[in-house]
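Everything below concerns the one structure shown next.
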Amino acid sequence: MKKLILVFALILLLSSENSHAQYLSQYKNFKDTDNKENSYSSSSKNFLSKNKGLPSTGASVGFNLGLASIEAKVGFAIGAFAEINAGGFSFLPQANYWNAGDQNNFELAGLARFYLSPAVVRPYLDGGLGVNFLNTEKTNTTKLGLDIGGGVEMANIGTSFNLIFDGKYKLIIKDNGNLSCFVFTAGMKFPFK
């Protein structure tokens with residue numbers, strides 16, 4: 016299991032480096048093209064710079080609410096996140112809480128998000144690691160977890176927010192058997208302008 020986590024972390028690291036290199040390449044191409052067009056008026060330059068495909072480097076914050084299913088027990092889930100994006104790749108630090116039956120968990124996670132489409136309805140894939148503070152009737156433990164999932168972000172729903180529908184599989188690695196959890200949430204994301 017440790018080898019699987021190491022391979023997954025390595026894949027995330029390599030893909031994030033590739034995304035950053037693509038971002039820098041696009042930014043350099045944008046600057047080179049913009050310098051060649053010095054004869055345009057400032058309003059033309061503004062129009063051109065907005066439509067050249069310069070990757071977004073904005074940030075946003077959000078929250079989500081939903082259901083958690085932990086080993087056939089159903090409960091609720093709530094979370095808060097920040098998103099730092101660069102083109103089609105984002106880093107998401109998250110704080111999540113879920114409760115089902117006699118088990119509850121507080122998780123601090125770091126996820127990589129890959130957007131599959133730049134459209135108004137944007138499907139995405141998530142993957143990352145989390146530190147889980149798991150409580151049951153018998154034990155309180157701190158364990159590493161693996162988060163894999165995806166969802167859909169719907170942009171332009173409101174003037175200042177996007178809707179998010181998300182599903183994740185969480186595997187909390189324990190000495191005496193791993194704990195599986197499915198979390199389905201809906202939430203809102205507020206991009207900074």
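According to my numbering, the residues represented by the sequence shown are 16 to 208, in order. Cβ coordinates follow ideal geometry from the N, Cα and C atoms, glycine included. Just so we're clear, the structure is a prediction, and the values are computed from it rather than from any experiment.
Inset, instruction - Name the one or two DSSP bridge partners that glycine 143 has. - result: Taking the sequence shown and counting its residues from 1, one reaches residue 143 at position 128. DSSP, once it has assigned bridges, lists Leu126, Asp162 as partnering glycine 143.
Inset, instruction - Output yes or no for whether 8 Å exceeds the beta carbon distance between phenylalanine 96 and glutamine 109. - result: As a first step, residue 96 must be located in the sequence shown, where it is residue number 81. As a first step, residue 109 must be located in the sequence shown, where it is residue number 94. Yes, the Cβ-Cβ distance between phenylalanine 96 and glutamine 109 is below 8 Å.
Inset, instruction - Determine the closest residue to phenylalanine 207 out of Glu98, Gly143, Gly81, with distance taken between C-alpha atoms. - result: Counting from 1 along the sequence shown, the entry for residue 207 is found at position 192. Nearest of Glu98, Gly143, Gly81 to phenylalanine 207, Cα basis: Glu98.
Inset, instruction - For phenylalanine 180, I'd like the list of residues in its chain whose CB is within less than 7 Å of its CB, leaving aside the five on either flank, ordered along the chain. - result: Position 165 of the sequence shown, counted from the start, is the residue given in the question as residue 180. Excluding positions up to five away in sequence, the list reads Gly166, Val167, Ala201.
Legend entry - Residue nearest to leucine 186 in terms of C-alpha spacing, selected from Leu131, Tyr130, Leu161: In the sequence shown, counting from the first residue as 1, residue 186 sits at position 171. Of the candidates Leu131, Tyr130, Leu161, the one whose C-alpha sits nearest the C-alpha of leucine 186 is Leu161.
Legend entry - Test: alanine 83 CB closer than 8 Å to a CB of chain C: The structure shown contains no chain C; it is built from a single protein chain.
Legend entry - Beta-carbon contacts of glutamate 152 that lie in its chain and below 8 Å, excluding the five residues immediately before and after: Looking up residue 152 in the sequence shown gives position 137. These residues qualify, in order along the chain: Asp117.
Inset, instruction - Compare the beta carbon distance of lysine 183 and lysine 158 with 8 Å and say whether it is the shorter of the two. - result: As a position in the sequence shown, residue 183 is number 168, starting the count at 1. As a position in the sequence shown, residue 158 is number 143, starting the count at 1. No, these two residues do not count as a Cβ contact at 8 Å.
Inset, instruction - Output the distance between the C-alpha atoms of asparagine 119 and alanine 134, rounded to the nearest integer angstrom. - result: As a first step, residue 119 is located in the sequence shown; it is residue number 104 there, counting from the start. As a first step, residue 134 is located in the sequence shown; it is residue number 119 there, counting from the start. Cα to Cα, the separation comes out at about 37 Å.
Legend entry - Pairwise C-alpha distance: methionine 169 and asparagine 53: Here residue 53 refers to the residue found at position 38 of the sequence shown. Here residue 169 refers to the residue found at position 154 of the sequence shown. The predicted model places asparagine 53 with a pLDDT of 48, which falls under 50 and marks its position as unreliable; any figure quoted below should be read in that light. Cα to Cα, asparagine 53 sits roughly 37 Å from methionine 169.
Inset, instruction - For leucine 39, count neighbouring C-beta atoms within 10 Å of its own C-beta (all shown protein chains included) and say buried if the count is 16 or more, exposed if not. - result: In the sequence shown, counting from the first residue as 1, residue 39 sits at position 24. The predicted model places leucine 39 with a pLDDT of 49, which falls under 50 and marks its position as unreliable; any figure quoted below should be read in that light. Result: exposed.
Legend entry - Nearest neighbour of serine 132, chosen from Gly125, Leu126, Leu140 [CA to CA]: Locating residue 132 in the sequence shown gives position 117, counting from the first residue. Selected option, being the one with the closest Cα: Leu140.
Inset, instruction - Taking the CB atoms as reference points, tell me whether alanine 124 and phenylalanine 106 lie closer together than 8 Å. - result: For the purposes of this step, residue 124 is taken as residue 109 along the sequence shown, with counting starting at 1. For the purposes of this step, residue 106 is taken as residue 91 along the sequence shown, with counting starting at 1. No.
Inset, instruction - Alpha carbon to alpha carbon, how far is glycine 73 from tryptophan 113? Give it in angstroms, no decimals. - result: Along the sequence shown, one-based indexing puts residue 113 at 98. Along the sequence shown, one-based indexing puts residue 73 at 58. Spanning the two alpha carbons is a distance of roughly 29 Å.
Legend entry - Assigned secondary structure, glutamate 98 (DSSP; H/G/I helix, E/B strand, else coil): Position 83 of the sequence shown, counted from the first residue, corresponds to residue 98. Glutamate 98: strand per DSSP, three-state reduction.
Legend entry - Reduced DSSP secondary structure (H/G/I, E/B, other) of leucine 69: Numbered from 1 along the sequence shown, position 54 holds the residue referred to as residue 69. Low confidence applies to leucine 69: its pLDDT is 38, below 50, so where it sits in the model is not reliable enough to give any reading.
Legend entry - Classification of leucine 194 by the beta-carbon crowding that lies within 10 angstroms, buried from 16 upward: Against the sequence shown, residue 194 aligns to sequence position 179. Classification for leucine 194: buried.
Legend entry - Separation of serine 175 from arginine 137, as counted between CA atoms: One-based indexing of the sequence shown puts residue 137 at position 122. One-based indexing of the sequence shown puts residue 175 at position 160. If you take the alpha carbons of arginine 137 and serine 175, they lie about 17 Å apart.
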